[in-house]
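One structure is given here, and the rest of the page talks about it.
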Amino acid sequence: MNRVHISSIFAAAGLLVLFTIGELTEPPEIELNEISEHEGEKVIARGVVAEIYLTSGGNTILLLSDGVNEIKVFAFGKRELFIGDRITVRGIVQRYEDSYEILADHIYVLERRCTEVKLWQLAENPLEYLNDCINFSCYIARIDGYELVVKEGNYTLTVIYPLISTEKLDKGDRIRVTGRFLYNPEKFSFYILSTGVTKI
83 MNRVHISSIF AAAGLLVLFT IGELTEPPEI ELNEISEHEG EKVIARGVVA EIYLTSGGNT
143 ILLLSDGVNE IKVFAFGKRE LFIGDRITVR GIVQRYEDSY EILADHIYVL ERRCTEVKLW
203 QLAENPLEYL NDCINFSCYI ARIDGYELVV KEGNYTLTVI YPLISTEKLD KGDRIRVTGR
263 FLYNPEKFSF YILSTGVTKI
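Set out below in C-alpha cells:
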C-alpha cells in the first residue's frame with residue numbers, strides 16, 4: 083500500500099471518530115433565562131412543570147419554570163407528566179410567535195411531585211396525604227357548577243374543577259384527577275383543589 087491509501091484510510095477513520103464523538107456529546111445545559119441566546123441550537127434545560135396542556139392534535143404543551151423564569155415546551159404525543167414534576171428537557175430552541183420555546187425530543191422525569199393514590203387510601207389515611215399533590219382515577223357521580231363529586235367503590239370526594247378546561251364532562255365519565263388534597267374546616271371535610279381533570 084502506498085502512502086496516499088494509508089493517509090486516506092486514517093483520514094476516513096478520523097472523520098468517523100469525530101462524527102461518533104459529536105453524536106455522543108450531550109448538548110449544553112442552559113438556564114431558562116438564557117434561552118434567547120441559543121435559538122436553533124439543541125439544549126438541555128431543567129425545571130418544574132408549572133402548567134400542562136394537551137392540544138387538539140394530541141400533543142403536549144407544558145410550561146417549564148425555574149421559580150423565576152418560564153419557558154414553553156412542545157412535545158409530540160401525550161406525555162405522562164404532572165404539575166409539580168421536576169424534569170429535564172432536551173430539544174431545539176425555536177421562536178414561536180413572540181417568544182422562545184423548546185421543541186423537545188426527550189423529557190426525563192427527575193422527581194415526581196404528585197403521589198398516585200386510590201380514594202380508599204385517602205379515606206383511610208387522610209392526614210398522610212394532606213396538602214400533597216395527588217393523582218387518582220375515579221367516576222363522576224355528580225356535577226354542580228365547578229364542583230365534581232367523584233366516586234370509586236363506596237368512597238366519594240369533592241373535586242374543585244379547574245375554571246379553564248377544554249373537556250366537556252358528564253356524570254358517569256371516568257376521569258383522571260390531579261390536584262392538591264386539602265381540608266375545609268368550615269365544612270369539616272376534605273376536598274381536592276384540582277389542577278387537571280381529564281377523561282380516560
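Counting along the sequence shown from 1, when you hit position 153 you're at 235 in my numbering, and nothing is skipped either side. C-beta atoms are modelled at their ideal positions from N, C-alpha and C, and glycine is treated no differently. Since the model is a prediction, treat every value here as computed from it, not as a measurement.
Assuming Tyr-190 is part of the beta strand (DSSP E), what are its boundary residues?
181-193
Roughly how many whole angstroms lie between the Cα atoms of Ile-174 and His-120?
9 Å
How many angstroms separate the CA atom of Thr-137 from the CA atom of Ala-95?
46 Å
So who's on the other strand from Gln-176, going by DSSP bridges?
Glu-183
Taking its Cβ as the centre, do 16 or more other Cβ atoms sit within 10 Å of Asp-252, making it buried, or is it exposed?
exposed
Close beta carbons around Lys-160, own chain, < 7 Å, minus the five adjacent residues each side:
Leu-136, Gly-140 and Thr-142
Using DSSP with H/G/I as helix, E/B as strand and the rest coil, what is Ser-138?
coil
With a CB to CB cut of under 6 Å and the five nearest residues on each side skipped, what residues in its chain are close to Arg-195?
Within the same chain, Arg-195 has close Cβ partners Gly-166, Asp-167 and Cys-215.
Per DSSP, cross-strand counterpart(s) of Lys-250:
Its beta-bridge partners do not exist; DSSP assigns none.
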